[in-house]
Amino acid sequence: MNKIEQTLSIIKPDAVERNLTDEIKNFFINNKLKIKDSKKIHVTKDEAAEFYRVHQTKPFYNDLCSYLSSGPIVVMILEGDNAILLNRKLMGATDPKNAEENTIRKKYGISIDKNSVHGSDSIDNAKKEIKFFFKN
Ligand code: CMP
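Note that the working numbering gives residue 85 to position 85 of the sequence shown, counting from 1, and the numbers run on in steps of one.
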């Protein structure tokens with residue numbers, strides 16, 4: 001059954017810094033995800049803390065927020081059939097060490113922190129995360 005969804009994708013500072021933005025965008029496009037909107041921004045640590053609030057009790061929360069605000073990122077709305085799950089498959093496991101072949105994190109990820117991309121993990125979070133970065 002076709003289920004057209006939208007999901008939020010972030011190209012993180014480690015990948016933007018290495019000029020991987022176009023390569024990652026093309027990987028999405030070549031794998032049946034449309035980029036409906038995209039912008040390059042630099043968030044503050046407070047904004048990162050708000051975005052990642054679901055992780056506030058985790059030991060890695062502070063480092064995670066520092067990292068996301070450490071340099072420019074590219075935020076995108078991806079759209080397609082089963083976009084949330086498809087994007088997660090294309091990203092691969094959170095830790096690049098465990099990521100499957102031909103996934104973004106396997107190809108480009110450096111570490112569990114510098115894992116190149118973020119993607120929403122559920123319909124509810126996709127809605128919230130899209131609203132967070134694309135308010136209108
Ligand atoms: P992301 O998909 O952006 O969601 C939260 C991020 O926290 C995750 O990718 C990782 O980059 C980072 N992170 C750091 N340490 C851990 C950990 N132990 N488990 C899960 N995520 C972690």
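Beta carbons: idealized from backbone N, C-alpha and C, even for Gly.
Distance between residue 130 and residue 103, taken at the CA atoms: about 23 Å. Secondary structure of residue 118 (DSSP, three-state): strand. Beta-bridge partners assigned by DSSP to residue 76: 9, 38.
Per DSSP, residue 21 is one residue of the alpha helix (DSSP H) stretching across 21-30.
If you draw a straight line from the Cα of residue 84 to the Cα of residue 119, it comes to about 8 Å. Contact annotation: the stretch 72-90 touches the stretch 110-124, with at least three C-beta pairs closer than 8 Å. Residue environment: residue 56 is assigned as exposed (fewer than 16 neighbouring CB atoms within 10 Å of its CB, all protein chains considered). Boundaries of the alpha helix (DSSP H) around residue 124: 123-133. Annotation for residue 115 indicates a beta carbon within 7 Å of some heavy atom of ligand 1. Considered as a whole, the stretch 40-111 harbours 45-51, 61-68, 83-91, 104-108 as its complete alpha helix (DSSP H) runs of no fewer than 4 residues, in chain order.
Listed in chain order, the non-local C-beta contacts of residue 133 below 7 Å within the same chain comprise 8, 75, local neighbours out to five positions each way being set aside. The residue among 19, 18, 27, 127 with its C-alpha nearest the C-alpha of residue 92 is 27.
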